[in-house]
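The number in this note's numbering is simply the position in the sequence shown, starting from 1, with 19 added. Virtual Cβ for every residue (Gly too), placed ideally from N, Cα, C. The next block holds one structure in the form of structure tokens; read it before the comments.
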Amino acid sequence: MKTKARLRGMLLASLAASLWSISGISGEILFKEFHFSADWLVSVRTAVSGILLLIAVIFIEKKSIFKPFKRVEDIIGILLFGIAGIYFVQFTYFRTIELSNVSFATILQFTAPFFIFIYESVKNKKVPSISTVVLLFMTILGVVCIATKGNFSNLTGSREALLIGVVSAIMIAFYSIQPKQLLKRYGSITVVGWGMFVGSIIANVIHPFWKVEGDINFESVIQVIIVVILGTAIAYLIYIASLNYISSSLAGIL
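Right under this line is the structure:
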């Protein structure tokens, strides 16, 4: 039973990573070819995804969306998750792409397991096993090879892109660790839905989604839909669901 649950979690985390990669490619197309900004894209994707997920809680799961707001500690948890785990993860990732390219951003993002391992090692007072460290190294090396296709000139990026990319990895580590208790109490759709909604408030204060920047046409709209639906609502939901079956560190590697 445990083996099946672990396999399910690994498959979910891998699928989420694939969807994030697709959304990263779409994001780069929107930035480079259609001149949209990371600020605007994050405002749209968090607002639409948050609303869709909360509607799903009401009509599909038939639950009250306000249950997390009965406990002060859960309110604080939702706010932290929405700001650091949703808004900052998305903004730093897409801002890194905007400043460099999707290959550079993806590789920096995949350093998140390092920060997860550091946290778990300190928390559990235990040094990671050699096999775990080797697995992590091989995973990152594989990502580098796939993202660059062996051409390391694709990794060119400014110092600002490097700094923001590292912050993105740290925020992903936070996102993978912080909401576990919330997930147990309220389920993944409710937690991610409210996280997206909180994140969208921050994003839209900075750049309201109705102040559109960029070239609007059929292709750019399709790319936005890919980012918002596949790369945000579905990807985040799947990844958070995987944490019910596997550890944060394993999910981060996948």
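- For I79, the three-state secondary structure derived from DSSP is coil.
- Counting along the chain, the unbroken alpha helix (DSSP H) around D93 starts and ends at V91 to L99.
- Three or more beta-carbon pairs separated by less than 8 Å link the stretch 193-211 to the stretch 91-110, which places the two stretches in contact.
- With a threshold of 16 other beta carbon atoms within 10 Å, N143 falls short and is exposed.
- Rounded to the nearest angstrom, the gap between the Cα atoms of I253 and V246 is 10 Å.
- Assigned with DSSP and collapsed to three states, L262 falls in coil, not helix or strand.
- By the Cβ criterion, the stretch 237-245 is in contact with the stretch 49-61, since at least three pairs of Cβ atoms, one from each stretch, lie closer than 8 Å.
- DSSP places V231 in the coil class of the three-state scheme, outside both helix and strand.
- Close CB contacts of I183 within its chain, under the 6 Å cut and outside five residues either way in sequence, are with T111, R114 and T115 (chain order).
- Collapsing the DSSP output to three states places I84 in coil.
- Considering only F123, S122, A131 and L262, the residue with the shortest C-alpha distance to L202 is L262.
- Rounded to whole angstroms, S56 and G233 show a C-alpha spacing of 8 Å.
- V185 has its alpha-carbon roughly 16 Å from the corresponding atom of Y138.
- Across the set S219, S119 and H226, the C-alpha of S219 shows the shortest separation from the C-alpha of V67.
- Taking a contact to require three or more Cβ pairs closer than 8 Å, the stretch 199-217 and the stretch 69-89 qualify as touching.
- At the C-beta level, M215 and T65 come within 8 Å of one another.
- Proximity to Q200 across A36, I94 and G46 peaks at I94, based on C-alpha coordinates.
- Put simply, the backbone Cα of Q109 is about 32 Å away from that of I149.
- The beta carbons of F100 and V224 sit no closer together than 8 Å.
- Where A252 is concerned, there is no enclosing alpha helix (DSSP H), because DSSP gives it neither an H nor an E.
- In the DSSP assignment, N143 falls within the unbroken alpha helix (DSSP H) covering A131 to N143.
- Going by beta carbons, G250 and S62 fall outside the 8 Å limit.
- Shown here, N236 sits in coil according to DSSP, grouped into three states, outside any helix or strand.
- Closest by C-alpha distance to I48, out of L72, A260, V76 and V121, is V121.
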